[in-house]
Amino acid sequence: MKNLFVRIFIFLIGSISFIDAQTLDLNSLRIAQKQAEKLKNNSKETSKNIKNNDPLIIDSPVNSDDYIVGPGDQFHLNIISSNETFDYSLTISPTGTLLIPSVGIINCNNLTLNNLIKEIRKTVKNWNTNIQINIELERIRQFKVLVSGQFENAGFFTVTPMTRVSDLYNNIVSDYNERMKSTYKEKVDKTYSESLGMQSILAVDDFYSRKLGTENAFENEIDKLSKRNILIIRNGDTLNVDLEKFKVSSELELNPYINQNDIIKMPYETQFFYVSGGIQKPGKYEYKKGNSILDAIQIAGDFQSGVDLNKIKITRSFFNKPSTSFFINIKNIEKIPLMVNDHIMVPHLIIKEPHEMVSIDGRIKHPGRYPIEPGFTTVNDIIEEAGGFLSDSDSTKFYINNRTISSSPDRELERILLKEEIHRSVEEKSYVKARIRTQKGSLEIATNSIAKRPHILTNNDEILIPKSFPYIEVIGAVLFPGRYGFKNNLTSNDYIKMAGGLSKNSSGKKFIVKAMTGQRFKLNNNYDLERGDIIFIAEKIEYNDEFFLFKEYLTSISQIAILLYYIQFIYIRLN
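In the numbering used here, the protein residues as written are 18 to 592.
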């Protein structure tokens with residue numbers, strides 16, 4: 018009996034000690050949380066500057082078995098006791114350790130997210146078993162990764178563990194283009210201002226794009242960067258990345274996530290193969306060792322419909338040897354290796370001329386592309402086929418453009434612009450002015466009659482039906498300049514009267530600026546006005562302008578007087 022009382026006494030003493038220990042543990046948590054809150058409040062402004070509030074965009078949820086944690090990863094630790102809750106925001110330190118206040122430090126190096134969560138649970142449970150623990154990854158870290166190559170901006174780039182190689186590739190290209198854009202812009206702007214003497218670039222872009230190199234400004238070293246032979250050096254192993262194959266196959270292993278301490282090697286494209294004929298995207302493609310003919314076809318977008326799969330021809334070149342051509346068996350296409358400089362020709366079953374097409378857009382019922390019969394199809398035919406005009410369209414006007422024609426060089430414009438402006442004749446200046454007003458290959462027509470739209474269309478013509486803006490603008494030396502509703506029976510004088518009549522500073526000179534072409538004519542009251550036209554009343558020259566003209570006249574007279582003096586002097590000497 019005595020032994021029983023002794024055992025009960027010892028049990029009670031142990032229980033009290035255990036409860037005291039648990040209470041002490043919870044008190045430690047309370048103190049630690051208060052200190053953490055105080056530290057958080059003191060560093061609130063600093064955190065605002067450091068924390069990136071933009072949401073991280075990822076392609077899939079984080080896989081806790083694959084995600085390797087590292088310095089900067091932030092966790093939310095939630096500890097629940099019987100009557101209290103404690104919340105901590107914990108960040109892995111630059112040395113790779115995670116400090117849990119009042120509990121201890123965990124070494125996180127080379128741990129997966131799942132293993133770290135287990136380690137946190139184990140450590141906290143060892144400290145106090147009568148609690149519930151919840152842990153989640155709160156914020157994904159950023160780190161720098163080394164990208165090596167011969168391109169100008171090779172070096173370190175900021176990524177996250179959820180950044181794929183394709184994301185990094187796009188960032189590299191974007192960074193390079195941003196660096197180069199300002200340099201090209203300064204060069205081009207300077208050349209425009211020095212040689213053209215006017216700010217309009219629209220009409221002479223075909224000249225500058227070839228003479229100044231703006232057309233090929235960004236066809237530079239970054240465009241030669243390989244997409245199919247990228248290498249990742251990771252823990253002594255080498256991973257192959259093929260972004261072109263990834264695009265067509267969606268195989269994620271060809272476009273992996275980037276890990277900390279990876280080294281990314283991005284070489285230039287150096288070897289190629291070619292695909293032509295009945296393929297979705299014929300052209301030149303980067304070669305990758307180990308590919309088959311089937312891989313090449315897939316990279317080029319696969320076969321079109323209506324091709325002869327029994328007559329696929331490969332033309333293969335050998336170093337210092339003549340090229341050879343052979344046909345392949347479609348059944349063995351995946352077993353035939355692809356070689357450098359292979360030319361794959363996929364023939365069509367029936368070779369026929371493609372339809373010639375035009376496009377129509379704007380205020381039309383059914384915009385889109387329509388086939389034409391060359392030499393016969395007119396604008397009216399396409400308007401009718403496209404369902405006719407919408408109610409708010411301006412059926413009196415239409416524009417036709419052809420990029421094939423507009424992209425061809427204007428040799429006369431080039432010749433004129435190579436001359437300094439001071440040495441250009443009146444006719445040459447007039448030509449530049451006319452070209453500025455009219456894009457090469459375009460046609461702008463205003464007509465009130467369907468019969469006056471018999472214009473024959475050519476391949477790749479682009480027709481635009483504009484929206485109706487039923488007004489006439491009256492600007493310049495009138496009392497109430499502005500916009501006035503268009504009516505067919507009103508004359509220019511009627512609109513000037515609507516604008517309050519001529520003001521005191523009117524010079525009496527009246528002009529009309531055509532909405533379609535921007536051409537300016539002297540105003541005739543019998544002139545038929547069209548929607549959007551501008552009536553311009555010139556003002557009298559101000560005093561400062563008259564003084565300027567007076568100085569110009571004096572300068573001219575002085576130059577003429579000097580010229581006459583020298584002529585007279587030479588004449589006297591000769592006689």
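Where a beta carbon is used, it is the ideal one built from N, C-alpha and C, also for glycine.
Keep in mind it's a predicted model, so treat the numbers as computed, not measured.
Other residues of its chain near residue i: CB distance less than 7 Å, five sequence neighbours each side excluded
{"i": "Ile97", "result": "Ile148 and Gln149"}
{"i": "Tyr588", "result": "none"}
{"i": "Pro88", "result": "Ile109, Ser110, Pro111, Gly113 and Arg158"}
{"i": "Leu681", "result": "With the chain represented from 18 up to 592, any question about residue 681 goes unanswered, as that position is not in the structure."}
{"i": "Arg441", "result": "Ile433"}
Whole-angstrom distance between residue j and residue i, CA atom to CA atom
{"i": "Asn124", "j": "Leu94", "result": "17 Å"}
{"i": "Leu130", "j": "Lys241", "result": "38 Å"}
{"i": "Ser165", "j": "Ile280", "result": "7 Å"}
{"i": "Ser81", "j": "Ile122", "result": "21 Å"}
{"i": "Asn477", "j": "Arg432", "result": "28 Å"}
{"i": "Thr413", "j": "Glu461", "result": "11 Å"}
{"i": "Arg386", "j": "Ile529", "result": "36 Å"}
{"i": "Tyr304", "j": "Leu116", "result": "50 Å"}
{"i": "Glu169", "j": "Ile189", "result": "10 Å"}
{"i": "Ala317", "j": "Asn337", "result": "28 Å"}
{"i": "Lys457", "j": "Leu580", "result": "44 Å"}
{"i": "Lys57", "j": "Thr102", "result": "With a pLDDT of 49 at Lys57, under the threshold of 50, the modelled position of that residue is not reliable, and no figure is offered here."}
{"i": "Leu311", "j": "Gln321", "result": "14 Å"}
{"i": "Arg245", "j": "Leu185", "result": "14 Å"}
{"i": "Pro72", "j": "Lys161", "result": "19 Å"}
{"i": "Ile314", "j": "Val141", "result": "57 Å"}
{"i": "Tyr570", "j": "Ala578", "result": "12 Å"}
{"i": "Ser447", "j": "Leu474", "result": "29 Å"}
{"i": "Asp259", "j": "Pro78", "result": "23 Å"}
{"i": "Ala220", "j": "Pro339", "result": "Note on Ala220: pLDDT 43, under 50, position unreliable in the model; no value is reported."}
{"i": "Lys264", "j": "Lys298", "result": "13 Å"}
{"i": "Tyr291", "j": "Ser485", "result": "49 Å"}
{"i": "Trp144", "j": "Val86", "result": "23 Å"}
{"i": "Asp104", "j": "Val120", "result": "14 Å"}
{"i": "Asn127", "j": "Tyr84", "result": "10 Å"}
{"i": "Asn418", "j": "Ser408", "result": "24 Å"}
{"i": "His365", "j": "Asp319", "result": "14 Å"}
{"i": "Ser524", "j": "Val495", "result": "11 Å"}
{"i": "Tyr544", "j": "Gln585", "result": "52 Å"}
{"i": "Pro483", "j": "Phe335", "result": "58 Å"}
Same chain, Cβ closer than 6 Å to residue i, five either side skipped, listed in chain order
{"i": "Val363", "result": "Gly294, Gly295, Ile296, Val324 and Ile329"}
{"i": "Ile347", "result": "Leu326"}
{"i": "Asp192", "result": "Asn170"}
{"i": "Glu261", "result": "Lys244, Arg245 and Ile316"}
{"i": "Phe497", "result": "Ala516 and Gly517"}
{"i": "His360", "result": "Tyr291 and Thr332"}
Cβ neighbours of residue i in the same chain (closer than 8 Å, five flanking residues each side left out)
{"i": "Tyr512", "result": "Ile489, Val491, Tyr501, Leu546 and Ile552"}
{"i": "Arg181", "result": "Asp76, Asn272, Pro273, Tyr274 and Ile275"}
{"i": "Glu155", "result": "Gln91, Phe92, His93 and Ser106"}
{"i": "Phe343", "result": "Lys330, Ile331 and Arg333"}
{"i": "Ile152", "result": "Phe92, His93, Leu94, Asn95, Ile134, Ile137 and Arg138"}
{"i": "Thr255", "result": "Leu248 and Ile249"}
{"i": "Phe289", "result": "Lys301, Tyr302, Glu303, Tyr304, Val357 and Asn358"}
{"i": "His393", "result": "In the sequence on display, residue 393 carries Phe and not His. Taken in chain order, the residues that qualify are Ile473."}
{"i": "Phe22", "result": "Low confidence applies to Phe22: its pLDDT is 49, below 50, so where it sits in the model is not reliable enough to give any reading."}
{"i": "Ile422", "result": "Lys457 and Gly458"}
Closest by C-alpha distance to residue i, when choosing among the options
{"i": "Thr455", "options": "Leu185, Ile316 and Lys531", "result": "Lys531"}
{"i": "Lys306", "options": "Leu474, Val120 and Pro354", "result": "Pro354"}
{"i": "Ile350", "options": "Asn358, Ile389 and Ser309", "result": "Ser309"}
{"i": "Met283", "options": "Asn419, Pro178, Gln167 and Leu496", "result": "Gln167"}
{"i": "Met197", "options": "Phe415, Phe393 and Glu238", "result": "Glu238"}
{"i": "Glu402", "options": "Pro388, Phe393 and Asp409", "result": "Pro388"}
{"i": "Glu437", "options": "Ile417, Val449 and Pro118", "result": "Val449"}
{"i": "Arg420", "options": "Ser267, Thr287 and Ser459", "result": "Ser459"}
{"i": "Pro487", "options": "His472, Ser410 and Ser99", "result": "Ser410"}
{"i": "Gln277", "options": "Met374, Ser376 and Phe174", "result": "Phe174"}
{"i": "Asn506", "options": "Glu390, Glu286, Ser99 and Arg548", "result": "Arg548"}
The stretch 540–555 in contact with the stretch 508–526 per 3-pair CB rule at 8 Å:
Touching, per the Cβ criterion.
Taking the runs of the beta strand (DSSP E) that are 3 residues or longer, which of them lie wholly in the stretch 343–425?
Complete beta strand (DSSP E) runs here, min 3: 360–363, 373–379, 385–389 and 414–419.
For the stretch 378–394 and the stretch 331–342, state whether three or more C-beta atom pairs, one from each stretch, are separated by less than 8 Å.
When Cβ pairs closer than 8 Å are counted between the two stretches, the stretch 378–394 is seen not to touch the stretch 331–342, the count staying below three.
Report the start-end ranges of each beta strand (DSSP E) in the stretch 431–484 that is 3 residues or longer and not cut off at the edges.
Within the stretch 431–484, the complete beta strand (DSSP E) runs of at least 3 residues fall at 460–463 and 478–482.
Beta strand (DSSP E) runs wholly inside the stretch 507–533, at least 3 long, in chain order:
As far as the stretch 507–533 is concerned, its whole beta strand (DSSP E) runs of at least 3 residues are 523–530.
Counting only runs that start and end within the stretch 123–169, where is the alpha helix (DSSP H) found for 4 or more residues in a row?
Qualifying alpha helix (DSSP H) stretches, in chain order: 130–144.
Tell me the start and end of each unbroken alpha helix (DSSP H) in the stretch 305–333 that is at least 4 residues and wholly inside, in chain order.
Listed in chain order, they are 310–316.
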